[in-house]
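For the protein sequence lines, the chains are Y and F, in the order given. Per this note's numbering: the first sequence = residues 875 to 970. Per this note's numbering: the second sequence = residues 2 to 426.
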Amino acid sequence: MSIKRLGPEELLALDRFAVDEGNPHILVDKAICAACASRPCLAVCPARCYQLKDGQVHFEYAGCLECGTCRVMCADRGVTRWNYPRATFGVTFRSS
Amino acid sequence: MAEEDFDAIVVGAGPAGSACAYTLAKGGKSVLLLERGDSPGAKNVSGGRLYTYALDLVDPELAGRAPLQRRIVREQIMLLSGPRATTVDFADHGEGAAGTQSYSVVRATLDEWFAAEAEAQGVTLASGMRVDSLLEENGRIAGIRVGDDEMRCATVVAADGVNSLIGQQAGLFPDVKGRAVGVGVKETIELPAAVINQRFGVKDGEGAARVAIGCTEGISGGGFLYTNQDSISLGIVFNPEQAARNGRQIQEIFQDFKLHPAIAGLIEGGTSIEYGAHLVPELGYHGIPRRLHREGLLVAGDAAQVGINTGLIIRGMDLAMVSGLAAARAILQDGGAAGTGPRYMAQLEELLLPNLRAYAEFHGIFGIDRIFKEYPALANDALRFLFTVDGKVPPPMLKQLRRIVTSRVSLGQLAKDAWKGYRSV
Chain Y
875 MSIKRLGPEE LLALDRFAVD EGNPHILVDK AICAACASRP CLAVCPARCY QLKDGQVHFE
935 YAGCLECGTC RVMCADRGVT RWNYPRATFG VTFRSS
Chain F
2 MAEEDFDAIV VGAGPAGSAC AYTLAKGGKS VLLLERGDSP GAKNVSGGRL YTYALDLVDP
62 ELAGRAPLQR RIVREQIMLL SGPRATTVDF ADHGEGAAGT QSYSVVRATL DEWFAAEAEA
122 QGVTLASGMR VDSLLEENGR IAGIRVGDDE MRCATVVAAD GVNSLIGQQA GLFPDVKGRA
182 VGVGVKETIE LPAAVINQRF GVKDGEGAAR VAIGCTEGIS GGGFLYTNQD SISLGIVFNP
242 EQAARNGRQI QEIFQDFKLH PAIAGLIEGG TSIEYGAHLV PELGYHGIPR RLHREGLLVA
302 GDAAQVGINT GLIIRGMDLA MVSGLAAARA ILQDGGAAGT GPRYMAQLEE LLLPNLRAYA
362 EFHGIFGIDR IFKEYPALAN DALRFLFTVD GKVPPPMLKQ LRRIVTSRVS LGQLAKDAWK
422 GYRSV
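See below:
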């Protein structure tokens with residue numbers, strides 16, 4: 875294999891995730907995000923869990939790398955709860 | 002008072018937690034070491050270099066058994082702009098004075114090994130356990146809760162990482178601020194050991210470490226590269242506030258760096274095997290919370306925001322280990338439960354804080370915005386001019402060099418930045 879530019883899905887596909895279906899460890903209030911002007915999450919989430927679709931911020935916790943950047947950077951407290959996934963869930967690093 | 006299940010419960014089996022648990026058990030204490038990942042290291046990401054004096058402090062026998070990757074013998078600094086790169090390469094193939102060695106490490110293996118060493122000293126290691134809250138009784142921390150289970154102890158050590166939800170819950174400090182951290186992203190790229198040896202000019206067991214500036218679109222931050230045994234850790238750490246203002250997704254900026262011709266050639270033919278991200282404490286001494294303890298609770302490691310970043314030297318794991326050791330020593334000393342916190346601070350003062358203070362103002366360097374774009378470009382412009390031959394009569398050298406400098410920065414800015422840099426170091 876050769877080195878190439880990897881998009882967000884390809885990068886996350888390298889990792890092992892156990893998704894806690896129906897039980898997000900981060901809660902985002904869409905109404906707050908809709909009114910947020912700066913939306914730092916879009917640029918700084920390394921997993922691109924926050925994406926703009928039809929002018930709205932969409933949050934997907936499945937590929938979260940559990941770094942905490944969104945919580946630290948959230949401008950208007952749209953991240954209403956931030957916790958680590960329950961034990962045995964989330965990302966598992968083997969080579970980092 | 003209810004009976005205690007353990008003398009100490011250590012939350013987080015990273016470098017700080019395992020160093021603490023190891024030392025406590027060796028000193029005869031009963032210790033529970035809790036890790037939220039399926040195994041220690043499973044949730045951890047770092048650039049990947051450990052200064053091993055810290056392991057020696059915990060126990061001189063540890064480093065010989067540790068799963069270290071390569072001993073760093075080449076230190077490289079790279080200045081990038083456009084398709085150009087200037088690299089300063091310092092090589093030291095000597096043995097190195099005792100206690101000055103550093104090694105690239107892979108956290109999944111290092112952390113798992115260290116926790117197993119703690120277990121061998123008698124620590125009870127429980128992985129797959131997320132601590133949900135602290136048990137508080139009569140104003141003191143009396144233990145922890147995992148789900149419906151309560152576990153009691155004389156001292157909880159929160160080594161729960163940079164986000165330290167436990168320290169926050171205990172009311173010791175507020176949440177981390179964006180300006181106080183860097184967000185690091187990293188790709189691990191598998192390459193045969195022989196190819197790494199060849200490309201970095203090192204022998205088996207030797208490796209290179211590289212920092213890069215000029216790869217962040219002007220955002221405060223920089224790239225890093227570490228050679229592991231048969232993989233390369235490549236990443237960038239960004240100031241998240243500036244990255245947010247810049248607006249472009251940091252993952253994309255990182256991919257540009259990876260594909261820069263001066264980097265791509267080093268990893269060509271490799272296979273990307275993992276992608277990770279992590280927050281890094283960036284402020285050094287000034288970032289350490291004022292309160293790192295209350296009765297029944299000590300905070301260590303990234304949770305205590307101990308880190309040093311001079312631009313050339315980036316330290317986290319070693320300081321975490323030393324802080325974990327300090328916590329353990331404080332618990333092992335006589336003098337009653339109420340004195341554990343003050344004893345911890347005294348230990349930190351003895352083992353760690355003077356070192357951090359020596360670099361206390363270094364973070365000011367990163368306040369010089371032009372370091373991340375204009376100065377690397379200037380270096381490349383100047384060298385390109387000096388190496389260019391086109392058959393024409395060249396302009397007077399000093400005059401042209403001055404023109405190159407002033408095309409990027411004014412002499413006033415240059416003087417201001419030089420002064421700021423001087424003040425910081």
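For glycine and all other residues, C-beta sits at the position ideal for the given N, C-alpha and C.
Short CB-CB distance (under 9 Å) between residue i and chain F
i, result
"residue 962 of chain Y", "yes"
"residue 946 of chain Y", "yes"
"residue 898 of chain Y", "no"
"residue 967 of chain Y", "yes"
"residue 950 of chain Y", "no"
"residue 878 of chain Y", "yes"
"residue 885 of chain Y", "yes"
"residue 943 of chain Y", "yes"
"residue 901 of chain Y", "no"
"residue 909 of chain Y", "no"
Per-residue DSSP class, three states only, for residue i
i, result
"residue 429 of chain F", "Shown here, chain F extends from 2 to 426; a query on residue 429 of chain F therefore has no answer."
"residue 289 of chain F", "coil"
"residue 933 of chain Y", "strand"
"residue 75 of chain F", "strand"
"residue 87 of chain F", "strand"
"residue 46 of chain F", "coil"
"residue 192 of chain F", "coil"
"residue 891 of chain Y", "strand"
"residue 107 of chain F", "coil"
"residue 374 of chain F", "coil"
"residue 282 of chain F", "strand"
"residue 130 of chain F", "coil"
"residue 319 of chain F", "helix"
"residue 903 of chain Y", "coil"
"residue 143 of chain F", "strand"
"residue 958 of chain Y", "coil"
"residue 925 of chain Y", "strand"
"residue 258 of chain F", "helix"
"residue 211 of chain F", "strand"
"residue 408 of chain F", "helix"
"residue 187 of chain F", "strand"
"residue 310 of chain F", "strand"
For residue j and residue i, the rounded distance between their alpha carbons
i, j, result
"residue 180 of chain F", "residue 263 of chain F", "30 Å"
"residue 143 of chain F", "residue 127 of chain F", "19 Å"
"residue 946 of chain Y", "residue 929 of chain Y", "23 Å"
"residue 306 of chain F", "residue 232 of chain F", "28 Å"
"residue 261 of chain F", "residue 213 of chain F", "12 Å"
"residue 310 of chain F", "residue 422 of chain F", "14 Å"
"residue 354 of chain F", "residue 419 of chain F", "28 Å"
"residue 52 of chain F", "residue 304 of chain F", "19 Å"
"residue 183 of chain F", "residue 240 of chain F", "5 Å"
"residue 2 of chain F", "residue 137 of chain F", "Reliability fails at residue 2 of chain F, whose pLDDT of 49 lies under 50, so the model's placement of it is uncertain and the value that follows must be treated cautiously. The alpha-carbon atoms of residue 2 of chain F and residue 137 of chain F are separated by roughly 12 Å."
"residue 827 of chain Y", "residue 374 of chain F", "This structure cannot settle anything about residue 827 of chain Y, because the visible part of chain Y is limited to 875 through 970."
"residue 89 of chain F", "residue 953 of chain Y", "43 Å"
"residue 130 of chain F", "residue 246 of chain F", "37 Å"
"residue 940 of chain Y", "residue 252 of chain F", "15 Å"
"residue 248 of chain F", "residue 955 of chain Y", "24 Å"
"residue 4 of chain F", "residue 158 of chain F", "19 Å"
"residue 160 of chain F", "residue 149 of chain F", "22 Å"
"residue 187 of chain F", "residue 884 of chain Y", "14 Å"
"residue 339 of chain F", "residue 139 of chain F", "13 Å"
Rounded distance between the beta-carbons of residue j and residue i, thought under 8 Å
i, j, result
"residue 336 of chain F", "residue 320 of chain F", "That pair is no contact at about 25 Å."
"residue 75 of chain F", "residue 203 of chain F", "6 Å"
"residue 234 of chain F", "residue 227 of chain F", "4 Å"
"residue 324 of chain F", "residue 284 of chain F", "About 16 Å separates the two Cβ atoms, so there is no contact after all."
"residue 250 of chain F", "residue 917 of chain Y", "6 Å"
Test: residue i CB closer than 9 Å to a CB of chain Y
i, result
"residue 374 of chain F", "no"
"residue 314 of chain F", "no"
"residue 20 of chain F", "no"
"residue 2 of chain F", "With a pLDDT of 49 at residue 2 of chain F, under the threshold of 50, the modelled position of that residue is not reliable, and the figure given next carries that caveat. Cβ-Cβ to chain Y under 9 Å: no for residue 2 of chain F."
"residue 363 of chain F", "no"
"residue 176 of chain F", "yes"
"residue 44 of chain F", "yes"
"residue 130 of chain F", "yes"
"residue 260 of chain F", "yes"
"residue 310 of chain F", "no"
Check: residue i C-beta below 8 Å from any heavy atom of the ligand SAM
i, result
"residue 266 of chain F", "With respect to the ligand SAM, the structure offers nothing, as it holds no ligand at all."
| Interface residues of the region 179-196 of chain F facing chain Y [CB-CB below 9 Å] | 179, 181, 182, 184, 185, 186, 187, 188, 189, 190, 191
| Between the region 274-305 of chain F and chain Y, which residues of the former have CB atoms less than 7 Å from a CB of the latter, in chain order? | 274, 275, 276, 277, 278, 279, 280
| Got a sec: which bits of the region 89-117 of chain F sit with their beta carbon under 8 Å from any beta carbon on chain Y, in order along the chain? | 107, 108, 109
| request: Check each residue of the region 242-255 of chain F: if its Cβ is closer than 9 Å to any Cβ of chain Y, include it; give the result in chain order. | output: 242, 244, 245, 246, 247, 248, 249, 250, 251, 252, 253, 255
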